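Chains as they are written, first to last, in my numbering: chain A, 5 to 113; chain B, 5 to 113.
Protein chains: 2
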Amino acid sequence: MVTPRRSGQERIPPHPDLRTIGLQQVLEALVDPVRRQIVSVLHAAEQDLNCGAIELPVSKSTATHHFHVLREAGLIRQHYVGTSRMNGLRREEFDEAFPGLLQAVVGRQ
Amino acid sequence: MVTPRRSGQERIPPHPDLRTIGLQQVLEALVDPVRRQIVSVLHAAEQDLNCGAIELPVSKSTATHHFHVLREAGLIRQHYVGTSRMNGLRREEFDEAFPGLLQAVVGRQ
Numbered sequence: 005m006v007t008p009r010r011s012g013q014e015r016i017p018p019h020p021d022l023r024t025i026g027l028q029q030v031l032e033a034l035v036d037p038v039r040r041q042i043v044s045v046l047h048a049a050e051q052d053l054n055c056g057a058i059e060l061p062v063s064k065s066t067a068t069h070h071f072h073v074l075r076e077a078g079l080i081r082q083h084y085v086g087t088s089r090m091n092g093l094r095r096e097e098f099d100e101a102f103p104g105l106l107q108a109v110v111g112r113q
Numbered sequence: 005m006v007t008p009r010r011s012g013q014e015r016i017p018p019h020p021d022l023r024t025i026g027l028q029q030v031l032e033a034l035v036d037p038v039r040r041q042i043v044s045v046l047h048a049a050e051q052d053l054n055c056g057a058i059e060l061p062v063s064k065s066t067a068t069h070h071f072h073v074l075r076e077a078g079l080i081r082q083h084y085v086g087t088s089r090m091n092g093l094r095r096e097e098f099d100e101a102f103p104g105l106l107q108a109v110v111g112r113q
């Protein structure tokens with residue numbers, strides 16, 4: 005039996021609609037300094053980055069967890085390019101849902 | 005021996021200089037929904053309120069703890085009027101130290 009090869013699209017769960025995300029979830033995501041570091045790097049980069057391109061003071065599995073929390077809170081969008089999981093800030097959608105919050109938080113480590 | 009009666013001023017510890025407060029401490033204060041409720045009520049009131057005037061879904065001692073955390077994070081200023089402990093938002097100072105953050109968080113329960 006052959007297991008069909010899954011595309012990158014299938015490997016990443018759907019991204020939440022930002023209208024379903026509350027401020028509580030967003031603040032719980034942003035209260036962690038490592039997650040704010042990821043958001044700040046993506047904000048400064050102004051392009052999608054793969055997980056490995058963001059230097060973090062935690063193990064790879066912990067980093068994966070932090071990316072997961074950020075995706076669930078509607079802050080980042082993930083997709084695959086080949087075998088690289090790429091991450092981008094959902095900047096415009098997020099700014100619309102939570103005006104001013106991203107700007108108030110990023111770049112203030 | 006007579007214990008000198010302490011003035012209201014002496015009963016409240018000094019308030020921190022906002023330049024010594026980091027974003028981490030502020031977000032830890034604001035991540036709690038009861039504390040955001042206090043901040044939102046004070047923001048809407050535009051005047052100092054005593055603790056009892058802010059209806060909260062927690063016990064009095066828990067509420068006192070939340071006011072303490074907010075004071076330590078530089079968000080509120082407390083003083084006594086008679087036996088009432090009054091609370092006011094340190095709005096201008098806070099806005100200067102953390103531009104846009106208060107506006108992004110209040111009124112979004």
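C-beta: ideal position from N, C-alpha, C; glycine also. Values in this document were obtained by computation on a predicted structure and should not be read as measured data.
Backbone secondary structure at residue i - three-state DSSP
| i | result |
| --- | --- |
| Q51 (chain A) | coil |
| H42 (chain A) | According to the sequence provided, residue 42 (chain A) is Ile. The question's His does not apply to it. Here I42 (chain A) sits in helix by DSSP. |
| V35 (chain A) | coil |
| E100 (chain B) | helix |
| V110 (chain A) | coil |
| G56 (chain A) | helix |
| M5 (chain A) | Note that M5 (chain A) has pLDDT 49, beneath the 50 cutoff, so the model's placement of it is unreliable and no number is given. |
Chain-order list of residues whose beta-carbon lies under 6 Å from that of residue i (same chain, five-residue window excluded)
| i | result |
| --- | --- |
| R15 (chain B) | none |
| V109 (chain A) | L34 |
Contact set for residue i: own chain, Cβ-Cβ below 8 Å, skip 5 residues either direction
| i | result |
| --- | --- |
| H70 (chain B) | D36, V38, R39, I42, L60 and V62 |
| A101 (chain B) | L22, R23, I25 and G78 |
| Q51 (chain A) | G92 |
| V30 (chain A) | A77, G78, L79, F102 and L105 |
CB contact check: residue i to chain B, cutoff 8 Å
| i | result |
| --- | --- |
| L22 (chain A) | no |
| P37 (chain A) | yes |
Proximal residues to residue i (C-beta, below 7 Å), its chain only, five neighbours per side dropped
| i | result |
| --- | --- |
| F98 (chain A) | L22, G78, L79 and L106 |
| S88 (chain B) | N54 |
| R75 (chain B) | H19 and Q82 |
| A67 (chain B) | C55 and L60 |
| V73 (chain A) | A33 and R39 |
| L115 (chain A) | Given a span of 5 to 113 for chain A in the structure shown, any question on residue 115 (chain A) remains unanswerable. |
Where residue i meets chain B, residues with beta-carbon distance less than 7 Å
| i | result |
| --- | --- |
| Q107 (chain A) | G104 |
| E96 (chain A) | In chain order: nothing, as chain B lies at least about 16 Å away. |
| L34 (chain A) | L31 |
Cross-chain neighbours of residue i in chain B, by beta carbon under 9 Å
| i | result |
| --- | --- |
| A82 (chain A) | Correcting the residue identity first, residue 82 (chain A) is Gln in this sequence and not Ala. The premise fails here: Q82 (chain A) is roughly 24 Å from chain B at the closest Cβ pair, so nothing lies under 9 Å. |
Beta-carbon neighbours of residue i, restricted to chain A and to distances below 7 Å
| i | result |
| --- | --- |
| Q28 (chain B) | P37 |
Kindly provide the ranges of any beta strand (DSSP E) runs that are 3 or more residues long and lie completely inside the stretch 63 to 98 of chain A, ordered along the chain. 80 to 85 and 88 to 93
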